[in-house]
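First comes the structure, then the notes that go with it.
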Amino acid sequence: MLDYPEEYLTEIHGYYHPVVHGGHPVIRSLMFVTSKRRFGPFGVEEGTPFRQYLEGLSVVGFKGRGGWYLDSIGIHYVEGSSRSASKTMLKKIQRKFQRIASVARSSKDA
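Numbering (UniProt numbering), first residue to last: 1 to 110.
Here's what the structure looks like:
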């Protein structure tokens, strides 16, 4: 768990490589770097390295695909500081809840 808002993700890196000869590449290793600490590496550090710097971005989610192995990982982010991004995300969530409440009220009245 991160000590938000003082601690935030600054970098994600790792390695990808096929597990078997001729197979498709999978994520072999991941490391998460924050403004205060490092988490990992998780997995085997072999294959082709990759690195994603996150300075100036606020991570709001992850996506990925996998079966026996992690095939891919992606990052959902917004540009800007984490505090402004948090306020923006909070406003969006509040608007969605207001719409849901409005629909629920109108269906109840019908």
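Note that CB positions come from ideal geometry on N, CA and C, so glycine has one too.
Residue i - partner residues in DSSP beta bridges
i, result
"residue 31", "13"
"residue 52", "12"
"residue 4", "Partner(s): none; residue 4 has no beta bridge."
"residue 65", "72"
"residue 79", "57"
"residue 38", "33"
"residue 23", "Beta-bridge pairing links residue 23 to no other residue."
"residue 43", "29"
Assigned exposure category for residue i - 16 Cβ within 10 Å defines buried
i, result
"residue 37", "exposed"
"residue 23", "exposed"
"residue 53", "exposed"
"residue 97", "exposed"
"residue 102", "exposed"
Proximity of residue i and residue j at Cβ, strictly below 9 Å
i, j, result
"residue 28", "residue 47", "yes"
"residue 15", "residue 55", "no"
Spatial neighbours of residue i in its chain, beta-carbon cut-off 7 Å, leaving aside the 5 residues before and after
i, result
"residue 61", "76"
Rounded Cβ spacing between residue i and residue j (contact assumed at less than 8 Å)
i, j, result
"residue 13", "residue 25", "Contact flag wrong, Cβ pair sits at about 15 Å."
"residue 34", "residue 8", "6 Å"
Sequence-distant residues of the same chain with beta carbon closer than 8 Å to residue i, five excluded per side
i, result
"residue 92", "none"
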